[in-house]
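The structure appears below as structure tokens.
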Amino acid sequence: MDNQQSSSLPQTSGKLSPQIEEELAKVNKEIYERNVELAIRNRTLSVIRKMYEIMSTSLSVADTAQRLIDTIITELKFQKGFIALINNKVLKTEAVSTLQPKEEQLIALLGQPFRNFSLTLDQQDNFCVKAVLSQQVRMTNNLYDILTPQVKEKVTQQIQESLKIKTSIIYPIIFGKEVLGVLSIGMDKHIGSLSRAEVETLKEIIDVVAVAIERARIYIDLQEANKKLKELDVQKNEFLSVAAHEIRAPMTAVKGYLSMVMEVGVNSFTPQVTEFLNETIEANDRLIRLVNNMLNVSRIEENRLVYQMGIVNLTAVVKTVVDEFRFEAEKKGLEFKTDISNIPNDKVYVDQDRINEVVANLVSNAIKYTDKGSVTVKLYSPNDSHIRFEVADTGLGISNEEKDKLFQKFYRTQSSIGKQMGTGLGLYIAKLLVEKFGGKLEFASEFGKGSKFWFDLIVKDV
Amino acid sequence: MWFMLDTNTVSVIAKSIIEHQQTIVGPLALTQANKVYGLKALDGGEIKVEITGDVGKVLTELVRKYEEIFGLASVEVCKDAVKEVKPPVLSEELPEILR
Amino acid sequence: MDNAITNQTPEKKLTILLVEDDPLLIKMYTTKFEMDGYMVISAEDGESGLKLALENDVDFIILDMMLPRVSGLDILTKLKQDPLKKDIPVIMLSNLASQKDAEKAVSLGAKEYFVKANFTPTEIAQKVKQYLGK
Chain A
1 MDNQQSSSLP
11 QTSGKLSPQI
21 EEELAKVNKE
31 IYERNVELAI
41 RNRTLSVIRK
51 MYEIMSTSLS
61 VADTAQRLID
71 TIITELKFQK
81 GFIALINNKV
91 LKTEAVSTLQ
101 PKEEQLIALL
111 GQPFRNFSLT
121 LDQQDNFCVK
131 AVLSQQVRMT
141 NNLYDILTPQ
151 VKEKVTQQIQ
161 ESLKIKTSII
171 YPIIFGKEVL
181 GVLSIGMDKH
191 IGSLSRAEVE
201 TLKEIIDVVA
211 VAIERARIYI
221 DLQEANKKLK
231 ELDVQKNEFL
241 SVAAHEIRAP
251 MTAVKGYLSM
261 VMEVGVNSFT
271 PQVTEFLNET
281 IEANDRLIRL
291 VNNMLNVSRI
301 EENRLVYQMG
311 IVNLTAVVKT
321 VVDEFRFEAE
331 KKGLEFKTDI
341 SNIPNDKVYV
351 DQDRINEVVA
361 NLVSNAIKYT
371 DKGSVTVKLY
381 SPNDSHIRFE
391 VADTGLGISN
401 EEKDKLFQKF
411 YRTQSSIGKQ
421 MGTGLGLYIA
431 KLLVEKFGGK
441 LEFASEFGKG
451 SKFWFDLIVK
461 DV
Chain B
463 MWFMLDTNTV
473 SVIAKSIIEH
483 QQTIVGPLAL
493 TQANKVYGLK
503 ALDGGEIKVE
513 ITGDVGKVLT
523 ELVRKYEEIF
533 GLASVEVCKD
543 AVKEVKPPVL
553 SEELPEILR
Chain C
562 MDNAITNQTP
572 EKKLTILLVE
582 DDPLLIKMYT
592 TKFEMDGYMV
602 ISAEDGESGL
612 KLALENDVDF
622 IILDMMLPRV
632 SGLDILTKLK
642 QDPLKKDIPV
652 IMLSNLASQK
662 DAEKAVSLGA
672 KEYFVKANFT
682 PTEIAQKVKQ
692 YLGK
């Protein structure tokens, strides 16, 4: 036999000195050792890669678990494996590795011990339960430790023999702090007979299993939650529609009778009674607007609202609104400024009633939330292609926390004014409508100083 | 030395060893293997091994051939290769160098 | 604002047919129209309404868009098909502001289309007077 110390590489006719040859031999060995590490790593990575592929293409927990266990058993050439997961404190089989048909038949005859596996976590004799509770790996040469108490000892002996299982390892599947279940593997040899590659692969894959299972679970939870949310939304819209509808008849009746009361008794009422009646009529009209708003929201969202689009002079619309609200502003002692003349082109393609609604909403808000100072309404051309409607006030302003929520459905500002007056739908609808007409509703505000709301619309050449 | 392993099993073991060495040193694995008297290894996509003569001796020689160049680490690789053979081989049945 | 009895000769009161499925609103409009000196006959569904129109001498018809079992527009169509009744002015009342419905109603022969919640009975009565007038 050759001397183990010297290299057996082809002699180079004595050109190399023995020292260099020795060095070369050492380098050889080092490179070899490193390559061994790499080869082992490679094998582990190849299995892990397959598992990641499963993770990214499986959708259900069952599907994921099945593919995982089949891959693990196949790649590592083990005899049998199963994954059991915990649901409501019961450990139940999620997937069993697929066997050869003959083996499957046998297992079926023996009552499908792996598939029908179901344990509560107080059955602490069972190694799977032990693994879960201690969060540590368990090993056994006796399959009975895994199947007790569901399967009789004699039967497990039969199974163990026919499947040629010598040792079983049970890994707890842990994600973060939670134990999701167990991964059990049956081998035809003992632990000491595992190659280094096998040991390393086993060590690595258990973490990947945990991630894969958790991901599948989360996906299902998300789907469920999403479905529920969608159902709720539909229900809510239906409810809004129905409610608004039912309310309308009595509301119309109230409006009608109030007007007839005024008609019949206007000459016989005291000024006080007349005032009370006027307030009632106004409140009722507001109620009607509210219900209309609620109904509109559901119709806009479901795209059932029919728009009457046409070329509209925005100036005229703004003027109407301004006239409507001037009195209210002055009643509060606010300076009501307008700058809406001198616009070369104010024609926009919108639904006139709807844009009126939007403008009215913005002006009304400005007045509502301002106790002193001024409300300024402006109409101007920020550039050649657009016209801008702008309302600025010196009121409460909007805090940073509220800025993000402002356009949300049903959001009312924290101030008491908001609570008293708003439905939380005004800005939401305004935003939807402006966007429908091709514009964007924007705002700028400083808490305590005031706010400015504006939107731009494309002007039309007629 | 008394070996209970039949030629077939030994071929399987030798195949596993050569394949494992292949993943580490590439074509050199085959070259070294074929230097062993009584062993013929062919690479036709999959490794085919023919063993003649004293199977125990041939196996031992195969391991030594790798050890010559690559040292003890390669013996460990051979042992791992044996561990992965199916069905599992009993330690008692292996030549000393592979136990 | 118009109050008191108007535009009728003492001999014959003008008759308004009101087809509306909500009894609360029938009562309200009936009260108003009777206050104004009209005679009012009413029905809560389309078939009965049609029957009343055919069997009675009616001068004006107020028709709700949404009726049980049949739509107001269908009744409108049937009315306009009857040679004896097609010239009676009809206005449609609705719960919803639907531009499409409004256009359809007018194209089928209605004079106008109103959203109930946006008009007082007085305003409706004025429209009636307008369409019955000179």
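Chains as they are written, first to last, in our numbering: chain A, 1 to 462; chain B, 463 to 561; chain C, 562 to 695.
Built from N, CA and C at the ideal position, the CB exists for glycine as well.
Just so it is clear, the structure is predicted and the values come from calculations on it, not from any experiment.
Item                                                                                                                                                               : Value
Counting only Cβ pairs nearer than 7 Å, list the residues of chain B close to Arg196(A).                                                                           : Asp542
Beta carbon of Ile173(A), beta carbon of Val209(A): below 7 Å?                                                                                                     : yes
Under 7 Å, Cβ to Cβ, is there at least one residue of chain A near Met600(C)?                                                                                      : no
For Asn303(A), which residues of its own chain have a beta-carbon under 6 Å away from its beta-carbon, when the five flanking residues on both sides are left out? : none
How far does the beta strand (DSSP E) with Gly450(A) in it extend, from its first residue to its last?                                                             : 450-458
With 7 Å as the C-beta to C-beta threshold (strictly closer), list the residues of the region 663-683 of chain C near chain A in chain order.                      : Lys677, Ala678, Thr681, Pro682, Thr683
Return the CA-CA distance between Gln408(A) and Ala366(A), expressed in angstroms with no decimal places.                                                          : 18 Å
Is the beta carbon of Tyr349(A) closer than 7 Å to that of Ile387(A)?                                                                                              : no
Tell me which same chain residues have a C-beta within less than 6 Å of the C-beta of Gly395(A), skipping the five on either side of it?                           : Tyr369, Thr370, Gly450
How is the beta strand (DSSP E) around Met653(C) delimited, first residue to last?                                                                                 : 651-655
Output yes if chain B places a C-beta closer than 7 Å to the C-beta of Ser193(A); else output no.                                                                  : yes
In whole angstroms, what separates the C-alpha of Lys440(A) from that of Ile213(A)?                                                                                : 44 Å
Which of helix, strand or coil does DSSP assign to Gly507(B)?                                                                                                      : coil
Going by the CB atoms, is the gap between Glu529(B) and Val520(B) shorter than 7 Å?                                                                                : no
Let me see if you follow: with CB-CB separation under 7 Å, is Pro557(B) close to chain A or not?                                                                   : no
May I have the straight-line CA-CA distance separating Phe276(A) from Ile623(C), to the nearest angstrom?                                                          : 32 Å
Is Asp188(A) closer than 7 Å to Lys166(A) when the C-beta atoms are compared?                                                                                      : yes
Which bits of chain A does Met589(C) rub up against, with CB to CB less than 9 Å?                                                                                  : Thr252, Ala253, Gly256, Tyr257, Met260
Just to make sure I have the definition right: I need the residues of chain A whose C-beta is within less than 9 Å of the C-beta of Leu585(C). Which are they?     : Ala249, Pro250, Thr252, Ala253
With distances taken Cα to Cα, identify the nearest neighbour of Asn296(A) among Lys26(A), Glu238(A), Val318(A), Lys337(A).                                        : Glu238(A)
Does the beta carbon of Ala212(A) come closer than 7 Å to any beta carbon on chain B?                                                                              : no
If you reduce the DSSP assignment to three classes, tell me which class Asn361(A) lands in.                                                                        : helix
Please decide whether Ile288(A) counts as near chain C, where near means a Cβ-Cβ distance under 7 Å.                                                               : yes
Following the continuous alpha helix (DSSP H) through Ile165(A), name the residue where it begins and the one where it ends.                                       : That residue, Ile165(A), is in no alpha helix (DSSP H); it is neither H nor E in DSSP.
Quick one: what's got a C-beta closer than 6 Å to Ser473(B)'s C-beta in the same chain, skipping five residues either side?                                        : Val511, Ile513
Please determine, among Met294(A), Val375(A), Thr201(A), the residue with the shortest C-alpha to C-alpha distance to His245(A).                                   : Met294(A)
Going by DSSP, what residues sit across from Asn383(A) in a beta bridge?                                                                                           : His386(A)
If we call anything under 7 Å between Cβ atoms a contact, is Leu490(B) one with Glu555(B)?                                                                         : no
Classify Met1(A): buried if its beta carbon has 16 or more other beta carbons within 10 angstroms, exposed otherwise.                                              : In this prediction, Met1(A) has a pLDDT of 43, which is less than 50 and means its spatial position is unreliable; nothing more can be read from the coordinates.
Quick check on the DSSP output: the beta strand (DSSP E) that includes Asp351(A) runs from which residue to which?                                                 : 347-351
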